[in-house]
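Have a look at the structure below before the remarks.
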Amino acid sequence: METNIDLHASADVNAGIIWIRAGRVLDPATGLDGVRDLWIREGKIEKICMPGEMQEEQGKGVDNNPDSAESGWHVIDARGCYVMPGLIDLHVHLRDPGQEYKEDIETGGRAAARGGFTTICCMANTSPAVDSPETVAYIREKAARVSPVQVIPVGAVTKGLAGRELTDMAALKAAGIGAVSEDGKSVMDASLCKKGMELAKDLGLVTLAHCEHKKMQAGGVMNEGEVSRRLGLPGFCSGAEDIIAARDILLAEETGARLHLCHCSTAGSVELLRAAKKAGLLVTGEACPHHFTLTDEAVDGTDANFKMAPPLRTAADVEAIKRGLADGTLDCISTDHAPHAEFEKAKGMREAPCGIVGLETAVALAISELVRPGLLTPLQLAEKMSFNPARILGIDRGTLEVGAQADVTVIDPEAEYRIDKETFASKGRNTPFHGRRVHGRVRATVVAGIPVFEA
Ligand code: DOR
Ligand code: ZN
Ligand code: ZN
């Protein structure tokens, strides 16, 4: 797939040599899963070889190559770690422009690097919304200056996300968007939604759909069910998600557009996606860590760090999400990183805004909930967090093949610790996972041959 998104050009990056030593290299593009040395030179993957092979070729001993001024090599010791193509998050809220008190492009970019992400897509519900070439240019220009990771803006489907008039998607694409989305809501007018998909299709853009029927969910603050009734809180039914997922799949079928279902949270939407794929439609989908880790039983009615849209669902839904990830129905894991200020989340379940941060906890939750229990292999994790998102966006990332840009993530899957929100690079502290014991720590994030994070 071609794209005109101008990703970090590695050619003019004066990056030196990096030796990522003896990690378990996982490359879904080639199926490679084995212990290798990975060599990076001038921003590109130069060589993947058996541990020590490069030194032998050069007549040097393996341990005579410390990270020294003499060798000029930067060594990342990856023994015991996964070495993956740099992680790509299709779903991030950076709040910039307009709500920089929650997050900005620099802090969000740093949070991404800390979380192992080398490329992130930022959603259009900023202030103003990403509905003009000027705002796209603002994000790209600022990201190039202050973000350690690649930022791809997502354009709005309708002007001001108001659901009335389509944006000039051609102009947005020329300015550098990588996809379109009305995230935060659905385009409720089905005929306008269809026109939006047609336009996106003509421009070669994927539509990222937040599926939520406005009237059906109105007033809801958590999943509708036993727990919401017990707590006396207004519910938000599964049907509000499923009905729009079904509608959007039908529109994708009718238009031939590429559709991607954001943050699938219900058994119903997973089943709809499965059927759509079986029918051969160009539909993909993602799940977020909170939706495969927690159920609505975790909601206590007071802590709004458990409030997000779509909400935490039932155990049966969590099972369906996990099965969907394992059998390939769900293509990606994305975060829906949605930072909010502490004073906003302190308003309680009814009044607080929806959303939780996710960039700095995603890898640990995916390893703890999916890889360690054997639902996903490490190679499949690389597929869901890097290879597949790259294919969905149509960018030449998500692989460690020789010659590719050196976007690499090193993860220690055995590291065990408690999540501590005070260590986050994000301005957002709104996580339901503070204090949770997890396995899996990002050791290094390399973007275009430059280490942007090392633990
Ligand atoms: O929980 C959410 N937060 N869901 C959304 O759809 C929007 C997001 C936000 O922007 O805070
Ligand atoms: Zn959303
Ligand atoms: Zn979102």
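Numbering-wise, the sequence shown is residues -9 to 445 according to our numbering. Just so it is clear, CB atoms sit at the ideal spot from N, CA and C, and this is done for glycine as well. Computed from a prediction, not measured in an experiment: that's the story for all the values here.
Boundaries of the alpha helix (DSSP H) in which Tyr128 is found, first to last residue
123 to 136
Could you give the DSSP three-state label for Arg340: helix, strand or coil?
helix
Would the beta-carbon of Asp326 be found less than 7 Å away from any heavy atom of ligand 2? yes
Spatially closest choice to Arg85 from Ala288, Ala146, Ala328, Glu43, by CA coordinates: Ranking the options by Cα distance to Arg85, first place goes to Ala328.
- Item | Endpoints, alpha helix (DSSP H) assigned at Thr245 | Counting along the chain, the unbroken alpha helix (DSSP H) around Thr245 starts and ends at 228 to 245.
task = Helix, strand or coil for Pro441, going by three-state DSSP, please let me know.
result = strand
Q. Considering only the beta carbon of each residue, do Ala415 and Glu334 sit closer than 8 Å?
A. no
Inset, instruction - Return the chain-ordered ranges of every beta strand (DSSP E) run that is complete within the segment 72 to 97 and spans a minimum of 3 residues. - result: 72 to 75, 77 to 82
message = My parser needs the alpha helix (DSSP H) runs of 4 or more residues fully inside the segment 348 to 385; what are they?
response = If we require 4 residues or more, the alpha helix (DSSP H) runs fully inside the segment 348 to 385 come out as 352 to 356, 368 to 372, 378 to 383.
- Report yes if the C-beta of Met492 is less than 7 Å from at least one heavy atom of ligand 3; otherwise report no. The requested residue 492 is not part of the displayed model; the chain covers only -9 to 445.
_Suppose you measure from the CA of Phe443 to the CA of Ala331; what does that come to, to the nearest Å?_
Ala331 has its alpha-carbon roughly 25 Å from the corresponding atom of Phe443.
- Limits of the unbroken beta strand (DSSP E) element including Asp67: Segment 63 to 67, the beta strand (DSSP E) holding Asp67.
> Are there 16 or more other CB atoms within 10 angstroms of the CB of Val392, so buried, or fewer, so exposed?
Replying inline: exposed
Do you know how far the Cα of Gly388 is from the Cα of Cys278?
19 Å
_Can you give me the C-alpha to C-alpha distance between Pro441 and Ala434, rounded to a whole angstrom?_
7 Å
Quick one, are the C-beta atoms of Glu404 and Gly70 less than 8 Å apart? yes
Sort Arg219, Ser176, Glu172 by Cα distance to Glu202 and report the nearest one.
Ser176
Closest Cα partner of Asp317 within the set Ala354, Ala352, Gly430, Glu261: Glu261
If you measure between the beta carbons of Lys184 and Leu241, is that distance less than 8 Å?
yes
### Message
Within 10 Å of its beta-carbon, does Gly105 have 16 or more other beta-carbons around it, so buried, or fewer, so exposed?
### Response
Flag for Gly105 reads buried.
Asp86: beta carbon under 7 Å from a heavy atom of ligand 3?
Annotation for Asp86 indicates a beta carbon at 7 Å or more from all heavy atoms of ligand 3.
For Lys92 and Lys417, which I take to be in contact (beta-carbon distance under 8 Å), what is that distance rounded to the nearest angstrom?
6 Å
Q. Considering only residues of the same chain and omitting the five flanking positions on each side of Ala(-1), which have a CB-CB separation below 6 Å?
A. Interpretation of Ala(-1) is limited by its pLDDT of 44, a score under 50 that renders its predicted location unreliable; no figure is taken from the coordinates.
In whole angstroms, give me the CA-to-CA distance for Gly204 and Asp179. The residue asked about is misnamed: residue 204 is Lys in this sequence, not Gly. In a straight line, the C-alpha of Lys204 is about 11 Å away from that of Asp179.
Next on the checklist: For Gly246, tell me which candidate among Val15, His200, Val398, Glu188 has the shortest Cα-Cα distance.
Outcome noted: Glu188
Notebook entry, point to check: Would Thr285 pass as a contact of Arg303 if the rule is Cβ separation under 8 Å?
Noted result: yes
Fill in: beta-carbon Pro280 near ligand 3 non-hydrogen atom, thresh 7 Å
Note on residue identity: the sequence assigns His, not Pro, to residue 280. The beta carbon of His280 sits no closer than 7 Å to any heavy atom of ligand 3.
*Heavy atom of ligand 2 less than 7 Å from the Cβ of Ala299, yes or no?*
yes
### Query
Which residues share a DSSP beta bridge with Asp395?
Before going further, note that residue 395 is Gln rather than Asp in the sequence given. In DSSP, Gln395 forms a bridge with Lys34.
If Ala127 sits next to Ala165, beta carbons under 8 Å apart, how far is it from one beta carbon to the other, in whole angstroms?
-> Correct: roughly 6 Å between the Cβ atoms.
Could you check whether Arg264 and Val196 sit closer than 8 Å to each other, using their CB atoms as the reference points?
no
Near Ser255, which residues of its chain fall below 6 Å by C-beta distance, leaving aside the five closest residues on each side in sequence?
His281, Pro300, Arg303
Stretch-stretch touch, CB-based, cutoff 8 Å, three pairs: the segment 373 to 387 with the segment 421 to 430
no
Beta-bridge pairing of Ile167 - partner residues as DSSP gives them: Beta-bridge pairing links Ile167 to no other residue.
Helix, strand or coil at Asn420 [DSSP, three-state]:
coil
Note to self: In the DSSP output, what is Phe107 paired with across the bridge?
What the structure shows: Leu77
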